[in-house]
Amino acid sequence: MPDLPEHLKKPFVNMLLAAADDKLFLGHRNSEWTGLGPILEEDIAFSSLAQDDMAHASALYELAGSIDGRTPDELAFGRTAEQYRCAAIVEVPDEFDWATAIARRFFCNHFDLLRLTRFSQSAYKPLSDLARRLVAEQQVHVTHVDDWVIRLGTGTPESHKRMQQAMDAIGPLAPELFEPLDDLKPLVDAGLYPGSDFTMYDEWTATVEHVLGQAHLTVQMEVGSPDDRGGRRGVHTQYLAPMLDEMCEVYRLEPKAAW
Amino acid sequence: MSGSANVGVHVDHESKEDPALLAEFQRKIDAGELIEVDDWMPAAYRKGMLMMAEHHANSEIVGALPEGEWITRAPSLRRKLALTAKVQDEVGHGQMLYRVSQDLGKSRDAMLRDLITGKTKYHNCFNYPAPQWADIAMIQWLIDGAAIMNQKTLADGAYGPYVRTMRRINMEEAFHFKSGEDMVLTLMSGTKRQRDMAQEAFDRWWGPSLMFFGPPDKPNARQLPPMRWRMKTVTNDDLRQRFVDRFIPAALDLGLKIHVVTKDEHGFVTSKKPDDKIALNKDTGHWEFTSPDWDEFFRVIRGNGPCNAKRLALRRLSYEQGRWVRQAILNGSGSLPPAA
Ligand SMILES: [Fe+2]
Ligand SMILES: [Fe+2]
Chain Y
0 MPDLPEHLKK PFVNMLLAAA DDKLFLGHRN SEWTGLGPIL EEDIAFSSLA
50 QDDMAHASAL YELAGSIDGR TPDELAFGRT AEQYRCAAIV EVPDEFDWAT
100 AIARRFFCNH FDLLRLTRFS QSAYKPLSDL ARRLVAEQQV HVTHVDDWVI
150 RLGTGTPESH KRMQQAMDAI GPLAPELFEP LDDLKPLVDA GLYPGSDFTM
200 YDEWTATVEH VLGQAHLTVQ MEVGSPDDRG GRRGVHTQYL APMLDEMCEV
250 YRLEPKAAW
Chain B
0 MSGSANVGVH VDHESKEDPA LLAEFQRKID AGELIEVDDW MPAAYRKGML
50 MMAEHHANSE IVGALPEGEW ITRAPSLRRK LALTAKVQDE VGHGQMLYRV
100 SQDLGKSRDA MLRDLITGKT KYHNCFNYPA PQWADIAMIQ WLIDGAAIMN
150 QKTLADGAYG PYVRTMRRIN MEEAFHFKSG EDMVLTLMSG TKRQRDMAQE
200 AFDRWWGPSL MFFGPPDKPN ARQLPPMRWR MKTVTNDDLR QRFVDRFIPA
250 ALDLGLKIHV VTKDEHGFVT SKKPDDKIAL NKDTGHWEFT SPDWDEFFRV
300 IRGNGPCNAK RLALRRLSYE QGRWVRQAIL NGSGSLPPAA
């Protein structure tokens, strides 16, 4: 295993967990649609995307675990709510509303593409190798969700109205994806997470707004103050704990057992 | 899962059909040739095949529901991914089978509506509850196992589009079965609590598995149109016997006990005693067992089972929640966004 300076291990693992936790809960929330999607063909496609997200999470947990010694399952199922680093946008339920599900994916997928691209340029080779593989799949996610946003935004008056409502509800949560992690700067300086959050934010907003323009949709987004503590620093919405209780219902029966 | 020929296709007499065409049709079937969608076929055959394929398609998408409930609770990343993929496969089977049915003349929307209004049925076994994780293991082991046995014989049928679909589906079912076997084995080699969970789930699913192949056959089953026309190729009772010959020894090997049970209206076991008929008959080479409660079978199939209302309500919710999406996508450009 290539060397990672001792003092950077903790923030580095923390950064991997933020990415993995976002993916895990996005996939988890979206997997609930398997078998219930609005069109059989899309039910199947959407489930593949959810599986990709959970598989990406699993690979990132494995990498984090190779540094701090925990197994992927311990990382996914064995933490308390405040130990997760996911953003609020993946925690809220979609209330079985397809527009909300699509709006959530839209913001997250574009964010993940940029984050994975930065990972793919990391000086830590195990991460850059992994991320290069994931970026290719992430690109497919982005194309798929953009297409849905545009088709629903420009479909029928009803689909436009529903998409706009979903954007109004989900959009304000989206910039929180950029909440700064603790001790991120040394990772950037060491080339472990190259690039800048400011550039990434500008790129993300430009892309998102471009697609929304094509979809005839608008979104209100405001960046919070760096002092607002959110999911990246363990302060979560009221939805995370119950989601964890459900996800870990069986695991917690016998945490040491094989299932 | 899962499909079946135990839909009880009542095929009308073919007396109105042109005798020469009918004779040629029967000749092709007897010669092992496949019937294709544009070939001449008796009206009763078309109707019967549509019923069968539609029932099978319904079973796949309703069969996705009990397991789908457990996706968010699967106890490891590996199981979570595998279960999501498995349920997704079943939806894919449904989609393929709806396509076979559509080609026989019924629109998909009409089929989905008939399903949620209770006009058409789906496989009976999905009207039973899956209250524990171990039920998922048993469904994938016993029910997918039964489905493979059944569908292998359906792949020997005469209707080309259905036969080819069965071949494709069976490859995936084999994978589901393997994963079920692995889950049951993991539970049975785990802690006492895990073994107890597995036994309780087995007690819930053994009866529905025996019923899977449908009620006992009429004495003349082989002469009736479904078999004469190779819509199905093996009788219900023969399939059931194949199933128990394989699964009784496998269950005993794993340390499971086979019980005769009584259940309450929610499908939960209220009492159980060992099935003392379980024995290998040395003369016939077949395993003997206590027949399932056929009164219960007919009660459940008439809509009064533990989960009939729940399953249909969820399908209806999905249908209604998706309506505006279908209107926007399918009535708009007419095509779907690119596949993921
Ligand atoms: Fe299936
Ligand atoms: Fe299956």
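Taken in sequence, the protein lines are chains Y and B.
Per numbering that gives the first Met the number 0, numbering through the first sequence is continuous, rising by one, with the last residue being 258.
Per numbering that gives the first Met the number 0, numbering through the second sequence is continuous, rising by one, with the last residue being 339.
By construction, the Cβ of each residue, glycine as well, lies at the ideal position given by its N, Cα and C atoms.
Predicted model only: the values in this text are computed from it and were never measured.
Alpha carbons only, please: which of the options is nearest the one belonging to residue i?
i: V86 (chain B); options: Y:V222, Y:V141, Y:D42, Y:D188; result: Y:D42
i: F267 (chain B); options: B:L279, B:L186, B:P305; result: B:P305
i: A63 (chain B); options: B:M51, B:A157, B:L253, B:T83; result: B:T83
i: V12 (chain Y); options: Y:L126, Y:M162, Y:E40; result: Y:L126
i: M187 (chain B); options: B:A133, B:A308, B:T119; result: B:A133
i: W203 (chain Y); options: Y:F106, Y:P156, Y:A49, Y:A100; result: Y:F106
i: A320 (chain B); options: Y:W32, Y:L7, Y:A63, Y:T79; result: Note that residue 320 (chain B) is Gln in the sequence shown here, rather than Ala. Closest option to Q320 (chain B), Cα to Cα, is Y:W32.
i: Y318 (chain B); options: B:V36, B:A81, B:D88, B:T116; result: B:T116
i: K118 (chain B); options: B:K276, B:R301, B:L329; result: B:R301
i: Q50 (chain Y); options: B:A81, B:N307, B:L253, B:A200; result: B:A81
i: Q240 (chain B); options: B:H265, B:E287, B:I277, B:A200; result: B:E287
i: T185 (chain B); options: B:N330, B:E172, B:R78, B:M110; result: B:R78
i: G212 (chain Y); options: Y:F95, Y:R228, Y:V148; result: Y:V148
i: A327 (chain B); options: Y:A98, Y:S47, Y:T79, Y:K8; result: Y:A98
Are the CB atoms of residue j and residue i within a distance shorter than 8 Å?
i: G47 (chain B); j: P225 (chain B); result: yes
i: F45 (chain Y); j: G36 (chain Y); result: yes
i: Q94 (chain B); j: M196 (chain B); result: no
i: A256 (chain B); j: Q198 (chain B); result: According to the sequence displayed, residue 256 (chain B) carries Lys and not Ala. Closer than 8 Å, so yes.
i: Q139 (chain B); j: F176 (chain B); result: yes
i: L114 (chain B); j: A52 (chain B); result: no
i: T152 (chain B); j: L238 (chain B); result: yes
i: A87 (chain Y); j: L172 (chain Y); result: yes
i: S30 (chain Y); j: M53 (chain Y); result: yes
i: I66 (chain Y); j: V324 (chain B); result: no
i: Y121 (chain B); j: P207 (chain B); result: no
i: V243 (chain B); j: D202 (chain B); result: no
i: F177 (chain Y); j: V210 (chain Y); result: no
i: G156 (chain B); j: K231 (chain B); result: yes
i: T71 (chain B); j: H27 (chain Y); result: yes
i: A136 (chain B); j: V61 (chain B); result: no
i: A210 (chain B); j: P291 (chain B); result: The sequence given here places Met at residue 210 (chain B); Ala does not occur at that position. In this structure, P291 (chain B) lies closer than 8 Å to M210 (chain B) by Cβ.
i: L76 (chain B); j: A75 (chain Y); result: yes
i: L186 (chain Y); j: P10 (chain Y); result: yes
i: A129 (chain B); j: P74 (chain B); result: no
i: V91 (chain Y); j: T236 (chain Y); result: yes
i: N123 (chain B); j: V299 (chain B); result: yes
i: L20 (chain B); j: K105 (chain B); result: no
i: T190 (chain B); j: E253 (chain Y); result: yes
i: A122 (chain Y); j: G190 (chain Y); result: yes
i: H92 (chain B); j: E59 (chain B); result: yes
i: H258 (chain B); j: K276 (chain B); result: no
i: A56 (chain B); j: Y97 (chain B); result: yes
i: Y161 (chain B); j: V99 (chain B); result: yes
i: E16 (chain B); j: P41 (chain B); result: yes
i: V89 (chain Y); j: L25 (chain Y); result: yes
Next item on the list: Taking 8 Å as the threshold, find out whether the region 136-149 of chain B comes into contact with the region 236-250 of chain B through three or more Cβ pairs.
Entry: Because the criterion of three Cβ pairs below 8 Å is met, the region 136-149 of chain B and the region 236-250 of chain B touch.
Note to self: Ignoring anything shorter than 4 residues, give me the alpha helix (DSSP H) runs that lie fully in the region 185-239 of chain Y, in order along the chain.
What the structure shows: 196-213
Next item on the list: Answer yes if the region 189-208 of chain Y comes into contact with the region 116-126 of chain Y, meaning at least three C-beta pairs across the two stretches below 8 Å, and no otherwise.
Entry: yes
Notebook entry, point to check: Within the chosen definition, does the region 163-175 of chain Y reach the region 210-218 of chain Y through at least 3 CB pairs nearer than 8 Å?
Noted result: yes
Checklist line | Cβ contact (3+ pairs, closer than 8 Å) linking the region 302-319 of chain B and the region 141-153 of chain Y | finding: no
Item checked: Residue ranges of each beta strand (DSSP E) within the region 189-270 of chain B, 3 or longer -> Counting whole runs of 3 or more residues, the region 189-270 of chain B contains the beta strand (DSSP E) stretches 258-262.
Checklist line | Segment contact, 8 Å Cβ cut-off, at least three pairs: the region 233-240 of chain Y with the region 158-170 of chain B | finding: no
Notebook entry, point to check: Is there contact between the region 133-142 of chain Y and the region 243-251 of chain Y, where contact requires at least three CB pairs shorter than 8 Å?
Noted result: no
Item checked: Length at least 4, wholly inside the region 101-144 of chain B: the alpha helix (DSSP H) runs in chain order -> 107-115, 132-137
Note to self: Contact between the region 53-60 of chain Y and the region 16-27 of chain Y is defined here as three or more beta-carbon pairs at a separation below 8 Å; is this criterion met?
What the structure shows: yes
Check: How do the region 224-238 of chain Y and the region 179-188 of chain Y stand: do at least 3 beta-carbon pairs fall below 8 Å, yes or no?
Finding: yes
Item checked: Complete alpha helix (DSSP H) runs within the region 284-339 of chain B (minimum length 4 residues, chain order) -> 293-298, 307-320, 322-329
Check: Which parts of the region 102-132 of chain Y are runs of the alpha helix (DSSP H), unbroken and 4 residues or longer, counting only runs that do not cross its ends?
Finding: none
Next item on the list: Ignoring anything shorter than 4 residues or poking outside the region 143-181 of chain B, list the alpha helix (DSSP H) runs there in chain order.
Entry: 143-153
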